[in-house]
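Please read the structure below before turning to the comments.
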Amino acid sequence: MDTQNAVFNHSTLEKPDVFDGFRFERLRSVPGSEQKFQAVNPGPDHLVYGYGTQACPGRFFAVHEAKVVLARILAKYDFKLAKPAESPMSRAKGILTEADATVEFLFKARKAN
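The sequence shown maps to residues 1 to 113 in the working numbering.
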């Protein structure tokens, strides 16, 4: 399946090509959609972990670990892009969108409280 085409050209999401950090929070606030649009829920607009009977059984663990790593980074470091970039996730490679390896981040450890 061509995930680029499915997600960006045939998406039911509003402006799928524009980052919106609260997109899924707003979608979950619609009555009846409280349990939809979670990171572990596969669907036609979220093909990261496959779809249907082929959905990854380890997706729950993978999402949990990603949250742990992100929480640690947010708690212990200040960071920013070294140079302004349109998007650090700007490359489409086949059916996947991958991180741009040339984008540099600056990290500074926060002082312990």
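Every residue, glycine too, gets a C-beta built ideally from N, C-alpha and C.
Fair warning: this is a prediction, and the values are worked out from it, not measured in the lab.
Option nearest residue i by Cα separation, candidates the options
{"i": "Ala112", "options": "Lys83, Glu98 and Asp78", "result": "Asp78"}
{"i": "Ala82", "options": "Val68, Val69, Leu70 and Glu104", "result": "Glu104"}
{"i": "Phe60", "options": "Tyr49, Thr12 and Glu34", "result": "Tyr49"}
{"i": "Phe107", "options": "Ser29, Ile73 and Gly32", "result": "Ile73"}
{"i": "Ala62", "options": "Leu47, Phe24 and Val40", "result": "Val40"}
Residues near residue i in its chain [Cβ-Cβ closer than 7 Å; skip 5 each side]
{"i": "Glu65", "result": "none"}
{"i": "Ala109", "result": "Lys76 and Tyr77"}
Length of the line joining the Cα atoms of residue i and residue j
{"i": "Arg26", "j": "Thr102", "result": "33 Å"}
{"i": "Lys80", "j": "Phe37", "result": "28 Å"}
{"i": "Glu98", "j": "Ala75", "result": "26 Å"}
{"i": "Val68", "j": "Pro31", "result": "29 Å"}
{"i": "Gln35", "j": "Ala71", "result": "22 Å"}
{"i": "Ser29", "j": "Thr53", "result": "28 Å"}
{"i": "Val21", "j": "Pro57", "result": "For the record, residue 21 in the displayed sequence is Gly; it is not Val. Computed Cα separation, rounded: 26 Å."}
{"i": "Phe24", "j": "Glu14", "result": "11 Å"}
{"i": "Asp100", "j": "Pro16", "result": "19 Å"}
Whole-number beta carbon distance between residue j and residue i, since they are thought to touch under 8 Å
{"i": "Ala55", "j": "Pro44", "result": "Wrong, their Cβ atoms sit about 12 Å apart, outside the cutoff."}
Nonlocal neighbours in the same chain, by C-beta distance under 8 Å from residue i, ignoring five residues either side
{"i": "Val18", "result": "none"}
{"i": "Ser176", "result": "Lying outside 1 to 113, the shown extent of the chain, residue 176 is not represented and no answer is given."}
Length at least 4, wholly inside the stretch 7 to 52: the alpha helix (DSSP H) runs in chain order: 23 to 28
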